[in-house]
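Right, one structure below, let's go through it.
In the working numbering, the protein residues as written are 4 to 221.
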């Protein structure tokens with residue numbers, strides 16, 4: 004898991020997540036670099052640290068390969084590959100594999116990882132002490148997810164998890180991984196930017212649907 008601190012063309016900053024895939028590639032959501040509201044100018048990638056704003060290996064880049072069919076309105080094909088300077092692996096900096104195949108994962112519990120907010124209130128915002136957090140979430144069917152967000156947003160390349168029990172990802176978690184059996188099966192996409200919508204599903208870009216595209220950009 005890698006944190007992302009993004010300098011925007013507006014002069015502001017935003018926070019996202021990523022997954023280290025190799026010595027010089029990381030995976031994230033396209034919306035982290037280009038969304039309806041902002042455009043990225045430079046990324047600071049944070050690796051090997053449990054804190055977003057301190058520690059670990061910190062590398063800058065402005066090289067991001069956004070999927071050519073990315074739709075920033077509907078968040079279709081919300082996936083991107085970050086090109087990094089060469090990263091040396093250590094005990095705390097390791098790559099993760101991406102899933103392939105057509106497994107549905109429905110009913111499985113996967114782990115979402117991120118440096119995002121932990122609640123709606125101002126006190127729950129992203130602080131200088133922001134720490135990496137993990138949450139186990141059950142994968143649900145796309146039909147169940149579409150009943151909440153509609154078929155315009157939820158497609159066959161979407162993977163959804165339940166928000167039951169008051170557990171969810173939150174703003175700042177976009178681009179971070181959903182992990183099952185030590186592989187990335189999803190990239191946080193739908194719902195993260197709008198806040199911690201507890202008891203509502205979260206949509207992820209289904210990584211196996213983009214396995215060939217990711218490999219072609221490695």
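For every residue, glycine included, the Cβ atom is placed at its ideal position computed from N, Cα and C. What you are looking at is a predicted structure, and each value in this text was computed from that prediction instead of being measured.
9 Å Cβ cutoff met for residue i and residue j
i: residue 61; j: residue 10; result: no
i: residue 188; j: residue 162; result: yes
i: residue 181; j: residue 113; result: yes
i: residue 85; j: residue 29; result: yes
i: residue 166; j: residue 204; result: yes
i: residue 138; j: residue 207; result: no
i: residue 107; j: residue 144; result: yes
i: residue 53; j: residue 8; result: no
Residue i, enclosing beta strand (DSSP E) - first and last residue
i: residue 57; result: No beta strand (DSSP E) contains residue 57, which DSSP labels as neither H nor E.
i: residue 3; result: This structure does not reach residue 3, given that the chain is present from 4 up to 221, and the question cannot be answered.
i: residue 115; result: 112 to 117
i: residue 218; result: Note, residue 218: premise wrong, no beta strand (DSSP E); alpha helix (DSSP H) at 214 to 219.
i: residue 204; result: Per DSSP, residue 204 belongs to no beta strand (DSSP E) and is neither H nor E.
i: residue 17; result: 16 to 23
i: residue 30; result: 28 to 31
i: residue 75; result: It is not in any beta strand (DSSP E) - residue 75 carries neither H nor E in the DSSP assignment.
Through-space distance from residue j to residue i, alpha-carbon basis
i: residue 1; j: residue 177; result: What is shown of the chain runs 4 to 221, which leaves residue 1 out entirely.
i: residue 98; j: residue 186; result: 10 Å
i: residue 70; j: residue 212; result: 12 Å
i: residue 173; j: residue 27; result: 27 Å
i: residue 216; j: residue 191; result: 18 Å
i: residue 150; j: residue 77; result: 16 Å
i: residue 81; j: residue 58; result: 29 Å
i: residue 15; j: residue 65; result: 16 Å
i: residue 42; j: residue 73; result: 14 Å
i: residue 196; j: residue 148; result: For residue 196, the pLDDT reaches just 47, beneath the cut-off of 50, and the residue's location in the model is therefore unreliable, although a value from the coordinates is still provided. The alpha-carbon atoms of residue 196 and residue 148 are separated by roughly 17 Å.
i: residue 160; j: residue 31; result: 15 Å
i: residue 202; j: residue 116; result: 18 Å
i: residue 105; j: residue 23; result: 23 Å
i: residue 110; j: residue 142; result: 5 Å
i: residue 140; j: residue 4; result: 17 Å
i: residue 63; j: residue 184; result: 30 Å
i: residue 146; j: residue 93; result: 41 Å
i: residue 193; j: residue 209; result: 12 Å
Residues near residue i by beta carbon distance below 7 Å, same chain, minus five either side
i: residue 118; result: 6, 18, 20, 55, 133, 135, 175
i: residue 158; result: 79
i: residue 218; result: none
i: residue 25; result: 98, 221
First through last residue of the alpha helix (DSSP H) which encompasses residue i
i: residue 148; result: 145 to 152
Same chain, Cβ closer than 8 Å to residue i, five either side skipped, listed in chain order
i: residue 75; result: 33, 34, 37, 38, 39
Spatial neighbours of residue i in its chain, beta-carbon cut-off 6 Å, leaving aside the 5 residues before and after
i: residue 220; result: 68, 84
i: residue 103; result: 211, 214
i: residue 12; result: 42, 44
*Touch test, the stretch 139 to 158 against the stretch 82 to 101, Cβ-Cβ under 8 Å, three pairs minimum*: no
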